[in-house]
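Visitor: Counting in the working numbering, the sequence shown runs without a single skipped number right up to 1588 at its last residue.
Note that beta-carbon positions come from the ideal geometry of N, C-alpha and C, so glycine has one too.
Provided herewith is a single structure, encoded as structure tokens, for subsequent inquiry.
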Amino acid sequence: MIKATGFNSSMHVDEQDLLETNKNCVFCCSKDLKKLFNVQKKPAIMLVKCKRCKAVSVDRFPKDGLLKDYYESYYSVNKTGVTFSDIERFSAVIFDGVRNLSKKRMKILDFGGGSGSIAINIARSMLKEKKANSVEITIVDYNSFSIEDIGNIEVNWVDTLEKVNEKRFDLVIASAIVEHIPRGDSVRKLLRLVDKGGIVYFRTPFVVPIIRLFKLFKINIDFTFPGHLHDLGKDFWENILDIYQIENFKILSYSASPVESNFKTSFIRTFAAHLFKFPSRFFNFYDLVGGWQIFFKKID
Ligand SMILES: [Zn+2]
1289 MIKATGFNSS
1299 MHVDEQDLLE
1309 TNKNCVFCCS
1319 KDLKKLFNVQ
1329 KKPAIMLVKC
1339 KRCKAVSVDR
1349 FPKDGLLKDY
1359 YESYYSVNKT
1369 GVTFSDIERF
1379 SAVIFDGVRN
1389 LSKKRMKILD
1399 FGGGSGSIAI
1409 NIARSMLKEK
1419 KANSVEITIV
1429 DYNSFSIEDI
1439 GNIEVNWVDT
1449 LEKVNEKRFD
1459 LVIASAIVEH
1469 IPRGDSVRKL
1479 LRLVDKGGIV
1489 YFRTPFVVPI
1499 IRLFKLFKIN
1509 IDFTFPGHLH
1519 DLGKDFWENI
1529 LDIYQIENFK
1539 ILSYSASPVE
1549 SNFKTSFIRT
1559 FAAHLFKFPS
1569 RFFNFYDLVG
1579 GWQIFFKKID
């Protein structure tokens, strides 16, 4: 079986570790859900698409305890604490999207940021290009990492988003994290944490169209449940501000997400990913991209 991502692996989840079947979309509460296909047979776990907000989610979520165990073992094999093989290249993509941000003391929130290496890289670029005099980074992650301040970069770590409820940030990063969280309210919560003039970045997998295509050729691509619980493409991200009736944000830019792997460590996978993403530059309807990224700006 081919995996949808090079980083998570799927695992069978037993009945006792599963919550009840969702009757509503966890992002917009709509009951108008369309069944797609199974990601696990027994007990059955099905992908469903919300006809209103276009989010695709599994219809049953694993319990918190199972997810905690899953991620603890996950980080023990992924020692860097981030799910990207080329952190510098990826930080540059985000920095490029937020290039117009400028503030004396820049506040960055990295949700699910692992060891914080992406946020730290972005902070370095901001200091280097004189976009800020100092940067304060807050990392929200299940797992704690030993964190040290670096020069004019102060790094703090908290374990839940609730602990930063009162704060507002100039840049909020949610890179490859929303798909791991059962509760769909994380998107709304993250938008709320953005300060006036600030930017929020989301990157999520969008693999369902690719899985469907390969099914035609009897090739199974693993959705990597319970690592991934949602699949969010352009339809979802383009419309979510309207669905939530949020008027003080606008879309800055969006595109197919950058390729996660690199040619050095996995040539065929990387080549295939570039090949699949390429047409999205020219055709708006094309959706075999594997993932989306989007920048929203708070306008007042
Ligand atoms: Zn929905």
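Can the beta-carbon of V1460 be found closer than 8 Å to that of V1488?
Guide: Yes; because the gap between Cβ atoms is below 8 Å, this pair is in contact.
Visitor: In whole angstroms, what is the alpha-carbon distance linking R1377 and V1577?
Guide: Approximately 19 Å between the Cα atoms of the pair.
Visitor: State yes or no: is the C-beta of I1441 within less than 8 Å of the C-beta of I1465?
Guide: Against a cut-off of 8 Å, the Cβ pair of I1465 and I1441 comes out as no contact.
Visitor: Which ranges would you report for the beta strand (DSSP E) in the stretch 1388-1417 if only whole runs of at least 3 residues count?
Guide: You should have 1393-1399.
Visitor: Apart from the five residues just before and just after I1499, which ones in its own chain have a Cβ nearer than 6 Å to its Cβ?
Guide: Cβ neighbours of I1499 beyond the five flanking positions: I1509.
Visitor: With DSSP collapsed to three states, give me the class of D1519.
Guide: Strand, per DSSP.
Visitor: In terms of residues, what are the limits of the alpha helix (DSSP H) holding A1544?
Guide: Run containing A1544: none in the alpha helix (DSSP H); it sits in the beta strand (DSSP E), 1537-1544.
Visitor: For G1369 and K1392, I'd like the C-alpha separation in whole angstroms.
Guide: Unreliable placement is indicated for G1369, whose pLDDT of 44 sits below 50; no coordinate value is reported for it.
Visitor: Give the straight-line distance between the Cα atoms of G1353 and L1501, rounded to the nearest whole angstrom.
Guide: One C-alpha to the other measures close to 34 Å.
Visitor: At which residue ranges does the stretch 1529-1588 contain complete alpha helix (DSSP H) runs of 4 or more residues, listed in the order of the chain?
Guide: Within the stretch 1529-1588, the complete alpha helix (DSSP H) runs of at least 4 residues are 1555-1565.
Visitor: With 16 other CB atoms within 10 Å as the buried threshold, where does G1400 fall?
Guide: Under this definition G1400 is a buried residue.
Visitor: How big is the Cα-Cα spacing for K1484 and I1382?
Guide: Approximately 19 Å between the Cα atoms of the pair.
Visitor: Can you tell me whether F1494 sits near ligand 1, meaning its C-beta is under 7 Å from at least one heavy atom of the ligand?
Guide: Not so, every heavy atom of ligand 1 lies at least 7 Å from the Cβ.
Visitor: Rounding to the nearest angstrom, what Cα-Cα distance links V1496 and L1504 in this structure?
Guide: Straight-line Cα distance between these residues: approximately 13 Å.
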